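Novice:
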Amino acid sequence: MKAGSRRDRRGSSLLPYALVVASVLAALLAPAWTETAQVSAASSGTSQNNYLTPVAARFSPDGTKLYVVCEDDDSVLAVDVRTQRVVGKAKVGHNPKDLAVSPDGKTLYVSNEWSDTVSVLDTAQWKVRRTLATGWGPRGLTTDRLGKILYVANSIGNDVSVLNLATGAELKRLSALRSPHYVQLSRDGRRIYVSNLLPYLTSPDESPVSELTVIETQKQTVAERILIPGVLELRHIAEAPGPQGDYLLIPFMRPKNLNPLIQVANGWILTHGVAIVHMAKASGASTAHSAVTQILLDDIDHYYAGVDGAAFTPDGRYALVTHSEAATVSVIDTRLLGQRLRHVSAADLPNRLDTAREIVVHRLPTQSDPTDVVVAPDGHSAYVVNRLDDSLTVLDIPRFHVRSRIDLGGPKEISTLRRGEQLFHDAKFCFQGQFACSTCHPDDHIDGVAWNLETPQLGRDRVANRTLRNIAETAPFKWNGHNPDLETQCGPRIAKFLFHSEGFNAKQLADLVAFVKSIPQSPNRHLASDGQLTGAQERGRNIFFQKSCHTCHPPATHYTAKTSSDVGTASKYDTSGLFDIPQLDRIYEKPPYLHNGEAQSLEEIWTLYNPTDKHGVTSDMSKEQLNDLVEFLKTL
Amino acid sequence: MRSALQSRWLVTLAALFCFSQVLLAQTPALYTQWENFTTANGMPDAKVFSVAVDGDRVWAGTEDGLVLIEKSKITKVFHTADGLPNRVVTGIAVDKKTGDVWLATFGGLSRFSGGKFQNFNSMTTGLANDIVYGVAIQDEFVWVATAAGVNRFNTRTGEWSIFSDRTAPMHEPWAYGIAVGDQKVYVAVWGGGILEYDIAGGYWKPYTDPDGEMEIVLFKNQGLIHDIVSGVSYNPNTGMFWASTYFGMSGYDGHNWFNYLSTDSGLASDFVNATQTRGDDVWACTDKGLSYLNFKTNTWVTYRPSKESGHGEIVITGPAKKETKFDTPTSLAHNYILNLAFQGEDIWVATAAGLSHGMHQSHKEGKTNEQARASR
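Protein chains in written order, with my numbering: chain U, 1 to 636; chain R, 637 to 1012.
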């Protein structure tokens, strides 16, 4: 499947015709649509707008090859490090996100987020050998030290699959927190670290708390859950080499979401940095006390949004962190970092904007949306994955300058949707570069917290973040329904209330809106592939219609009547009780619920926040009926 | 010169050793050495409702918190301030695969994982009721016995199924205990007998008292001994389930019922709070001591504190109801027994006055179990 154009297809007015043509082609070229590897030399002859969109890279153990996963192309590439050319390409599953290399270098494991599988490739023959089933939404993955066990973070299932690589069977699933994205094997092989993108579900008036989940490889159990307060969107995990102190470095976003966002012009609203985690010597219920410190990588008058990739040089002297929304790599001198940690208290550091000037020794430019960085085993160079440029930026490590750009072979033309997506991920349009659209909408989705978005009074009109997936036909927008279209939403409103800048010009706005309208929906994991409902889902559907839920949530329009309604959920902090009726597609992926994010689960919408039956007459429902209704809602 | 007391202990121990020779083929050694964890040495409350073993760890649920014991030391007591949903911990199940510890409490269900509690209650999830009496693990499913029916929680999909008087042959809503068998799940329903769920078929089969009499047993060994069932356990070695009732104990092997009353067996009391099995053995937690049945030999052993001596008392009852009594220097913390769990050949017993650890004899002798057997 030529998947690189998934967004372009959705945004095209020729969509119906394209689908017919695609169907015919699919029938003719059926083998090419399977997950069987297609070996080919590097090609720049991909069709227009068939972007690769590389997201992650890993070196072969001998350092001669760099493997790159391309999410929009459903492929993995092999780059010859010496010639800096793409020498192999293999098709994998749908929407691949990450990869792991076996310890002997003979096997590649690629996670396919939308196929719920891992493709297993033979690196010598460059073929997919088999496909392993995982949990929902596999992303980060790693083998154990012996290469016998594979750990896969399931971003939708909120757990970690533990797979036996000899049999391919899933041994167990370990609970993570929310949207686990990245996985890292500790250098001593004793632990697996899992970073969760989304924080704990908490009250809307509490700061977010994130979790690093630690798995013990000997028992394959969760040994510790390390809390990282005040932050969200934990990203890649880098472990410092032993001599530097055995600590982890994990990028995060640190928001002041309880403060009015209108104060962006005062700075310090959305900050970006890394967590420094010193692991406890022992893990367990009574003894584990890992130490966490947070530092910011922003400057006082300029911010570096979208911290994402992280890697250490082999000697541990430097740490490299990518800023995907600032097209920059920050180089941290770890000796200076150590001094900083000793001289400033851990309580002060998370809010100090003067740290970067003490420890960041280089800011190196990249191409659009650098999401990952890997350092070559010889320590002489680093490779940055430019997601929206279909390229790699090669950095000279000893001298810290940009050495070259490797073209991975994507289209040379930049389409409307590609421009729009680049704008979506670019923080330069915000005052001092504090954030981009993608900062609060990672993966075009939600950040899982509520924001004091536009009202200048502290604590008033807090609203939960809403997904951008499949929203083209769900106008009006905003929880108060005041924005009739995305042009208003993304144009003057963002410029005035959020970015505090001139915002996008007309052309840019058109591109951005086109992109937002093209954002696809993720597959439904609760609905059987044949569409057949389970007993509980069937009963729940009957309740849905008997209770007239469909009046405000009509199926024909993504389960929203596209108007506002007062369902009795307003709190004393809300200016109005009228709120936009949200669409219900993939509702199980969107907690918290209600306009202010008060309901942490679907059940709470009715058990806690519908006391007067204004949100449907539900007080007469039994617990069994409510459970059935919830099961049906998950199928939407 | 030995004192009279010392001599008496020596005689007793010698007698116990001789008796253990007789029982050796079928039973572990008798428990004559007990260590007790009470409020005097760190337990947060006297009443211990539940106990579970996870390798070297022992978890105890009390009326005021969860206790973790490692290497015979209380290493941590968890209260609601630590995240426990309620102070009363009535049931504990360790997921052997994931290592997670599931807790039944009077404030809902909780999962202890990686040092943190994740709590589930009827307001925030599909849990049927916040009064939870029991919990058991079946692959990725967590089965929960509540005061308003039984829940099955699918940890992978998040689906909560409820089995109650609306959706199962459950005459009463109070599910007191739950156990997972071979392709079956058994539920102890207080006033409703035993319910058996066929996992593959997805249907329920009830077992109730055939005579329906509350106070007497008319049809012994023709069905469940009584409908007021307080607990259930499954023996994977024999394929039998065992039900504890407030009017005796029942076992069922799929064809035959085996019912026991204190009047016609060595069962310490008809008021049975729970049963557990190990090998061929069945253990009954009663209000008058801890009773053990070797099912093959129909030999009973009951442990309880001696009112007269203040020490321990072991009563051995043979098939002919002949009783032999021994004193032991240490004893259970109380004769009101609520539950027990096995740790190798040791046992951990939840009582109304603390948690008791019955240590296998070879511990004191400093021998391995194999060495102890060989020396006999």
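By construction, the Cβ of each residue, glycine as well, lies at the ideal position given by its N, Cα and C atoms. No experiment lies behind these values; they were computed from the predicted model shown.
Report yes if the C-beta distance between P138 of chain U and R254 of chain U is below 8 angstroms; otherwise report no.
Specialist: Within the first sequence, numbered from 1, the residue matching residue 138 of chain U stands at position 138. Within the first sequence, numbered from 1, the residue matching residue 254 of chain U stands at position 254. Contact flag unset, no.
Novice: So is T793 of chain R in contact with chain U if we call contact Cβ pairs under 8 angstroms?
Specialist: Within the second sequence, residue 793 of chain R is the residue found at index 157, counting from 1. Closer than 8 angstroms: yes.
Novice: By a C-beta neighbour count over all protein chains shown, 10 Å radius and 16 as the cutoff for buried, is E604 of chain U buried or exposed?
Specialist: In the first sequence, the residue the question calls residue 604 of chain U occupies position 604. Classification for E604 of chain U: buried.
Novice: Quick check: the Cα distance between P664 of chain R and G762 of chain R, rounded to an integer number of angstroms?
Specialist: Taking the first residue of the second sequence as 1, we reach residue 664 of chain R at position 28. Taking the first residue of the second sequence as 1, we reach residue 762 of chain R at position 126. Here the model assigns P664 of chain R a pLDDT of 45, short of 50, so the residue's position is not dependable and the matter cannot be decided.
Novice: Answer with buried or exposed for F852 of chain R, where buried requires no fewer than 16 other C-beta atoms within 10 angstroms of its C-beta.
Specialist: Taking the second sequence and counting its residues from 1, the one referred to as residue 852 of chain R is at position 216. Just to set this straight, residue 852 of chain R is Ile in the shown sequence, not Phe. Under this definition I852 of chain R is an exposed residue.
Novice: Have a look at Q220 of chain U and R173 of chain U and give me their C-alpha separation to the nearest angstrom.
Specialist: By 1-based counting over the first sequence, the position of residue 220 of chain U is 220. By 1-based counting over the first sequence, the position of residue 173 of chain U is 173. So the two alpha carbons sit approximately 10 angstroms from each other.
Novice: Do three or more CB pairs link the segment 422-441 of chain U to the segment 169-187 of chain U at distances below 8 angstroms?
Specialist: Judged by Cβ distances under 8 angstroms, the segment 422-441 of chain U makes no contact with the segment 169-187 of chain U, as fewer than three pairs qualify.
Novice: What's the gap between the Cα of G735 of chain R and the Cα of A176 of chain U?
Specialist: Counting from one through the second sequence, the residue named residue 735 of chain R turns up at place 99. Counting from one through the first sequence, the residue named residue 176 of chain U turns up at place 176. Roughly 13 angstroms separates the two Cα atoms.
Novice: Enumerate in chain order the residues of its own chain whose CB-to-CB distance from T271 of chain U is below 6 angstroms, with the five nearest sequence positions on each side excluded.
Specialist: Stepping through the first sequence from its first residue, residue 271 of chain U is reached at position 271. Only R254, L296 and D298 meet the Cβ criterion.
Novice: Assuming A387 of chain U and Y573 of chain U make a contact with CB atoms under 8 angstroms, what is their CB distance in whole Å?
Specialist: Against the first sequence, residue 387 of chain U aligns to sequence position 387. Against the first sequence, residue 573 of chain U aligns to sequence position 573. It is Arg, not Ala, that sits at residue 387 of chain U in the sequence shown. Contact doesn't hold; Cβ gap of about 38 angstroms is too wide.
Novice: Could you check the C-alpha separation between A280 of chain U and A223 of chain U for me, to the nearest Å?
Specialist: By one-based count along the first sequence, residue 280 of chain U stands at place 280. By one-based count along the first sequence, residue 223 of chain U stands at place 223. Roughly 11 angstroms between the two C-alpha positions.
Novice: Below 8 angstroms on the Cβ atoms is my guess for E170 of chain U versus V160 of chain U; work out the distance and round it to an integer in Å.
Specialist: By 1-based counting over the first sequence, the position of residue 170 of chain U is 170. By 1-based counting over the first sequence, the position of residue 160 of chain U is 160. Actually they do not touch by this definition, with Cβ atoms about 11 angstroms apart.
Novice: Would you check if there are 3 or more beta carbon pairs closer than 8 angstroms linking the segment 185-194 of chain U to the segment 693-703 of chain R?
Specialist: Touching, no.
Novice: Taking Cβ positions, are F579 of chain U and V374 of chain U nearer each other than 8 angstroms?
Specialist: Here residue 579 of chain U refers to the residue found at position 579 when the first sequence is read from its first residue. Here residue 374 of chain U refers to the residue found at position 374 when the first sequence is read from its first residue. Cβ atoms of F579 of chain U and V374 of chain U: not closer than 8 angstroms.
Novice: Between the Cα of L498 of chain U and the Cα atoms of U:N505, U:P314, U:A472 and U:A436, which residue gives the shortest distance?
Specialist: If you number the first sequence from 1, residue 498 of chain U lands on position 498. The option with the nearest alpha carbon to L498 of chain U is U:A436.
Novice: What residues in the segment 590-612 of chain U have a beta carbon less than 7 angstroms from any beta carbon of chain R?
Specialist: Per Cβ criterion, the list reads Q600, S601, E603, E604, T607 and L608.
Novice: Taking H550 of chain U as part of the alpha helix (DSSP H), name the residues at either end of that continuous run.
Specialist: If you number the first sequence from 1, residue 550 of chain U lands on position 550. Taken as a continuous stretch (DSSP letters only), the alpha helix (DSSP H) holding H550 of chain U covers C549 to C552.
Novice: Please tell me whether T213 of chain U has its Cβ less than 8 angstroms away from any Cβ of chain R.
Specialist: One-based indexing of the first sequence puts residue 213 of chain U at position 213. Yes, its Cβ sits closer than 8 angstroms to a Cβ of chain R.
Novice: Name the DSSP beta bridge partners of Q979 of chain R, please?
Specialist: Along the second sequence, one-based indexing puts residue 979 of chain R at 343. In the DSSP output, where bridge partners are listed per residue, Q979 of chain R has R:D982.
Novice: Taking the alpha-carbon positions, what's the A536 of chain U to N787 of chain R distance?
Specialist: One-based indexing of the first sequence puts residue 536 of chain U at position 536. One-based indexing of the second sequence puts residue 787 of chain R at position 151. About 14 angstroms.
Novice: Just by C-beta distance, which residues in the segment 141-157 of chain U are closer than 8 angstroms to chain R?
Specialist: Listed by position along the chain: G157.
Novice: W779 of chain R versus chain U: which residues are under 8 angstroms apart at the beta carbon?
Specialist: By 1-based counting over the second sequence, the position of residue 779 of chain R is 143. In chain order: nothing, as chain U lies at least about 15 angstroms away.
Novice: In angstroms, rounded to a whole number, what distance separates the CA positions of V630 of chain U and T618 of chain U?
Specialist: To locate residue 630 of chain U, count along the first sequence from 1; it is residue 630. To locate residue 618 of chain U, count along the first sequence from 1; it is residue 618. Distance between the alpha carbons of V630 of chain U and T618 of chain U: 12 angstroms.
Novice: Is any beta-carbon of chain U found at less than 8 angstroms from that of S1011 of chain R?
Specialist: Start at 1 with the first residue of the second sequence, and residue 1011 of chain R comes out as number 375. Bear in mind that a pLDDT of 42 at S1011 of chain R, under 50, signals an unreliable position, so the model cannot answer this.
Novice: Does H996 of chain R pass the burial test, meaning 16 or more other C-beta atoms within 10 Å, or should it be called exposed?
Specialist: What you label residue 996 of chain R is simply residue 360 of the second sequence in a count that begins at 1. With 16 or more Cβ atoms within 10 Å of its Cβ, H996 of chain R is classed as buried.
Novice: To the nearest angstrom, report how far apart R419 of chain U and G503 of chain U are at their CA atoms.
Specialist: Within the first sequence, numbered from 1, the residue matching residue 419 of chain U stands at position 419. Within the first sequence, numbered from 1, the residue matching residue 503 of chain U stands at position 503. Rounded to the nearest angstrom, the two C-alpha atoms are 15 angstroms apart.
Novice: Could you give the residue range of the beta strand (DSSP E) that holds N909 of chain R?
Specialist: Position 273 of the second sequence, counting from 1, holds the residue named residue 909 of chain R. From DSSP, the beta strand (DSSP E) with N909 of chain R extends over V908 to R914.
Novice: I'd like the list of long-range same chain contacts for G481 of chain U, defined as Cβ closer than 8 angstroms, with 5 residues on each side in sequence excluded.
Specialist: Here the question's residue 481 of chain U lines up with position 481 in the first sequence. Only T563, S564, L578, F579 and D580 meet the Cβ criterion.
Novice: Taking the alpha helix (DSSP H) that G535 of chain U falls in, what are its first and last residues?
Specialist: Start at 1 with the first residue of the first sequence, and residue 535 of chain U comes out as number 535. Taken as a continuous stretch (DSSP letters only), the alpha helix (DSSP H) holding G535 of chain U covers G535 to Q546.
Novice: Tell me, please, which residues DSSP counts as bridged to I710 of chain R.
Specialist: Within the second sequence, the letter at position 74 stands for residue 710 of chain R. The partner list for I710 of chain R (beta bridge, DSSP) reads R:I705.
Novice: Once you ignore the five residues that flank R693 of chain R on each side, which residues in its own chain have a CB closer than 8 angstroms to its CB?
Specialist: Here residue 693 of chain R refers to the residue found at position 57 of the second sequence. The answer, listed in chain order, is L704, I705 and E706.
Novice: Can you tell me which of R:G817, R:I798 and R:V725 puts its alpha carbon nearest to the alpha carbon of N871 of chain R?
Specialist: Counting from 1 along the second sequence, the entry for residue 871 of chain R is found at position 235. Nearest of R:G817, R:I798 and R:V725 to N871 of chain R, Cα basis: R:G817.
Novice: Would you please verify whether the beta carbon of I767 of chain R is less than 8 angstroms from any beta carbon of chain U?
Specialist: In the second sequence, counting from the first residue as 1, residue 767 of chain R sits at position 131. No, because no Cβ of chain U sits closer than 8 angstroms to the Cβ of I767 of chain R.
Novice: Using a Cβ cut-off of 7 angstroms, pull out every chain R residue sitting near S571 of chain U, in sequence order please.
Specialist: If you number the first sequence from 1, residue 571 of chain U lands on position 571. Correct list: empty, because the minimum Cβ distance to chain R is about 18 angstroms.
Novice: Once the 5 residues before and after I983 of chain R are set aside, which same chain residues still bring their CB inside 6 angstroms of it?
Specialist: Taking the second sequence and counting its residues from 1, one reaches residue 983 of chain R at position 347. For I983 of chain R, where only same-chain residues beyond five positions count, the Cβ hits under 6 angstroms are L976 and G994.
Novice: Is the Cβ of W796 of chain R closer than 8 angstroms to any Cβ of chain B?
Specialist: Among the chains of the structure shown, chain B does not appear; the protein chains present are U and R.
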